[in-house]
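Q:
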Amino acid sequence: TIGMIAVDQDGHVAAGTSTNGMSHKVPGRVGDSPIVGAGAYADSSAGGAAATGDGDIMMRFLPSYLAVELMRTGADPSAACKMAISRIKRHYSEFFGAIICANTTGHYGAACNKSPGFSQFHFMVSNSESDAPLLKSVDC
Amino acid sequence: HASLPLVINTWPFKNATAAAWSVLQSGGSMLDAVQEGCARCEVEQCDGTVGYGGSPDESGETTLDALIMNGDTMEVGAVADLRRIKNAIGVARAVMERTDHTLLVGESASVFAENMGFLAEDLTTNKSVNIFSQWLGSNCQPNYRKNVFPDPSQSCGPYKPRAMLKETERAQHANAHSHD
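Keeping their order, the protein sequence lines are chains A and D. The first sequence begins at 1 in the numbering used here and counts up one residue at a time. The second sequence begins at 1001 in the numbering used here and counts up one residue at a time.
(1) Counting only runs of 3+ residues fully inside the stretch 1029-1116 of chain D, write out the beta strand (DSSP E) ranges in chain order.
(2) Report the rounded CA-to-CA distance for A:Gly-109 versus D:Ser-1110, giving the unit in angstroms.
(3) Assign A:Gln-120 to one of three DSSP states: helix, strand, or coil.
(4) Candidates A:Ser-64, A:Gly-11, A:Val-30: which alpha carbon is nearest A:Asp-56's?
(5) Check whether the Cβ atoms of A:Phe-172 and D:Gln-1172 sit closer than 8 Å, and answer yes or no.
(6) Return the first residue and the last residue of the beta strand (DSSP E) that A:Ser-137 is part of.
(7) From the beta carbon of D:Leu-1165, is the nearest beta carbon of chain A less than 8 Å away?
(8) Nearest to A:Thr-17 by CA position, among D:Leu-1067, D:Lys-1127, D:Ala-1120, is which residue?
(9) Going along chain A, which residues have a C-beta under 7 Å from D:Asp-1081?
(10) For a quick check, are the C-beta atoms of A:Thr-105 and A:Thr-52 less than 8 Å apart?
(11) To the nearest angstrom, report how far apart D:Arg-1170 and A:Gly-3 are at their CA atoms.
(12) Tell me which residue opens and which closes the beta strand (DSSP E) that A:Ala-79 is part of.
(13) For A:Leu-135, count the other beta carbons within 10 Å of its own beta carbon; 16 or more makes it buried, fewer makes it exposed. Which is it?
(14) Does A:Met-71 have its Cβ less than 8 Å from a Cβ in chain D?
(15) Would you verify that the beta carbon of D:Ile-1085 is, or is not, closer than 8 Å to some beta carbon of chain A?
(16) Should A:Ile-85 be flagged as near chain D, meaning a C-beta pair shorter than 8 Å?
(17) Hey, out of D:Gly-1157, D:Phe-1013, D:Gly-1090, whose CA is closest to D:Asp-1047's CA?
(18) Looking at the C-beta of A:Lys-150, does it have a partner C-beta in chain D at a distance below 8 Å?
(19) Please identify the residue among A:Tyr-92, A:Arg-72, A:Asp-76, A:Ala-42 whose C-alpha is closest to the C-alpha of A:Phe-61.
(20) Given a limit of 8 Å on CB to CB distance, which residues of the stretch 1128-1147 of chain D reach chain A?
(21) Report, in whole angstroms, the separation of the C-beta atoms of D:Thr-1017 and A:Ser-33, which I expect to be a contact under 8 Å.
(22) Chain A partners of D:Ser-1003, CB-CB under 8 Å?
(23) Going along the chain, which residues of the stretch 1009-1025 of chain D sit with their C-beta nearer than 7 Å to a C-beta in chain A?
(24) Does the structure place the stretch 63-83 of chain A close enough to the stretch 38-46 of chain A that three or more beta carbon pairs sit under 8 Å?
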């Protein structure tokens, strides 16, 4: 699954996702990716967020919507991402999932939940600081 | 410190980042950038978790989900359980721009896409067939069934509902190569 946030020169925000979902799913099963507020959310007055992971669980907590609303109240993107993850972790301590967040000034962050075999989350960033995309990572 | 413009995406899908970034650099909109970046992953089948030829369901079919959201207007286009169409993010954008709806799903979403000019084609590849046949050969493990018989932790379907519902510990099947 790819989740992406783009913020243009003037702070206009868009977000999106695309996935082929979980292997061996029951036919008709849909994960969080196409659910607005779960797979991704964007509001140019606050920021954008996009999530990836076990969509059957994550979609129930609308992590992308929560992260954007937290940024609206002044949380920085890293803190907003962490809070969105911890909201899910309270109920499903070992769920597989991660989220990226960006605000309208170009600050960004990411967070993930530590689970067996998953202790670091890699994501990509492009901004005017670097010509080529930068590989970033965050410890879960 | 921060700077604009910015592209950020999940997982180390570098080509998607670069594709989106070049749209912004050439004056394209943030919507075009997101669509271009996600479409790049659909074409390149990023990690086998995006696009055609990956994550076959219990019947061996690959279906796609996608979403695009405009933070200026709060418009959204999304497709889920999309069949036979490779460019899922493009169809999501068409839902946003060609209907007043937010989300179209399943076979009807595929018919909408074909009507809007998207190419219908088989989303199966040798790789997804191999994944599926290996799964069948391992008694359909893992699967997402519970409270059915035959015992889904031992056997393939078809499944029937069991009389008694038993609370079971949710299995954790999601991982870096099978997730949303």
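Cβ coordinates follow ideal geometry from the N, Cα and C atoms, glycine included.
A: With the given structure in hand:
(1) 1064-1070, 1075-1082, 1103-1105
(2) What you label residue 109 of chain A is simply residue 109 of the first sequence in a count that begins at 1. What you label residue 1110 of chain D is simply residue 110 of the second sequence in a count that begins at 1. Using only the alpha carbons, I get a separation of about 35 Å.
(3) Mapped onto the first sequence, residue 120 of chain A falls at position 120. Here A:Gln-120 sits in strand by DSSP.
(4) Counting from one through the first sequence, the residue named residue 56 of chain A turns up at place 56. Here the closest residue by C-alpha is A:Val-30.
(5) One cannot answer for residue 172 of chain A here, as it falls past the ends of chain A, which runs 1 to 140.
(6) One-based indexing of the first sequence puts residue 137 of chain A at position 137. Where A:Ser-137 is concerned, the enclosing beta strand (DSSP E) stretches over 134-139.
(7) Taking the first residue of the second sequence as position 1, residue 1165 of chain D is located at position 165. Judged by the 8 Å Cβ criterion, D:Leu-1165 is not in contact with chain A.
(8) The residue given as residue 17 of chain A occupies position 17 in the first sequence. Checking every option, the nearest Cα to that of A:Thr-17 belongs to D:Leu-1067.
(9) As a first step, residue 1081 of chain D must be located in the second sequence, where it is residue number 81. Going along chain A in sequence order, the residues near D:Asp-1081 (Cβ under 7 Å) are Gly-28, Val-30.
(10) Residue mapping note: residue 105 of chain A aligns to position 105 of the first sequence, counting from 1. Residue mapping note: residue 52 of chain A aligns to position 52 of the first sequence, counting from 1. Taking 8 Å as the Cβ cut-off, A:Thr-105 and A:Thr-52 do not qualify as a contacting pair.
(11) The count along the second sequence starts at 1 and reaches residue 1170 of chain D at position 170. The count along the first sequence starts at 1 and reaches residue 3 of chain A at position 3. Near 25 Å, if we compare the C-alpha coordinates of A:Gly-3 and D:Arg-1170.
(12) The count along the first sequence starts at 1 and reaches residue 79 of chain A at position 79. No beta strand (DSSP E) contains A:Ala-79, which is instead part of the alpha helix (DSSP H) from 77-89.
(13) Here residue 135 of chain A is taken as the residue at index 135 of the first sequence, counted from 1. Classification of A:Leu-135: exposed, given that the 10 Å Cβ count is below 16.
(14) Position 71 of the first sequence, counted from the first residue, corresponds to residue 71 of chain A. With 8 Å as the cut-off, A:Met-71 does not count as an interface residue toward chain D.
(15) Position 85 of the second sequence, counted from the start, is the residue given in the question as residue 1085 of chain D. No - not a single Cβ of chain A is within 8 Å of the one on D:Ile-1085.
(16) For the purposes of this step, residue 85 of chain A is taken as residue 85 along the first sequence, with counting starting at 1. A:Ile-85 does not count as touching chain D.
(17) Walking along the second sequence from the start, residue 1047 of chain D turns up at place 47. Nearest C-alpha to D:Asp-1047: D:Phe-1013.
(18) Chain A is shown from 1 up to 140; residue 150 of chain A falls before or after that span and cannot be answered.
(19) As a working mapping, residue 61 of chain A is identified with position 61 in the first sequence. Closest by alpha carbon: A:Tyr-92.
(20) Ile-1131, Trp-1135, Cys-1140, Pro-1142, Asn-1143, Tyr-1144, Arg-1145
(21) Start at 1 with the first residue of the second sequence, and residue 1017 of chain D comes out as number 17. Start at 1 with the first residue of the first sequence, and residue 33 of chain A comes out as number 33. Not quite, the Cβ-Cβ distance comes to about 18 Å (not below 8 Å), so this is no contact.
(22) Against the second sequence, residue 1003 of chain D aligns to sequence position 3. Simply Gly-106, Asn-127, Ser-128, Glu-129.
(23) Asn-1009, Thr-1010, Trp-1011, Pro-1012, Phe-1013, Lys-1014, Ala-1016, Thr-1017, Ala-1018, Ala-1020, Trp-1021, Leu-1024
(24) yes
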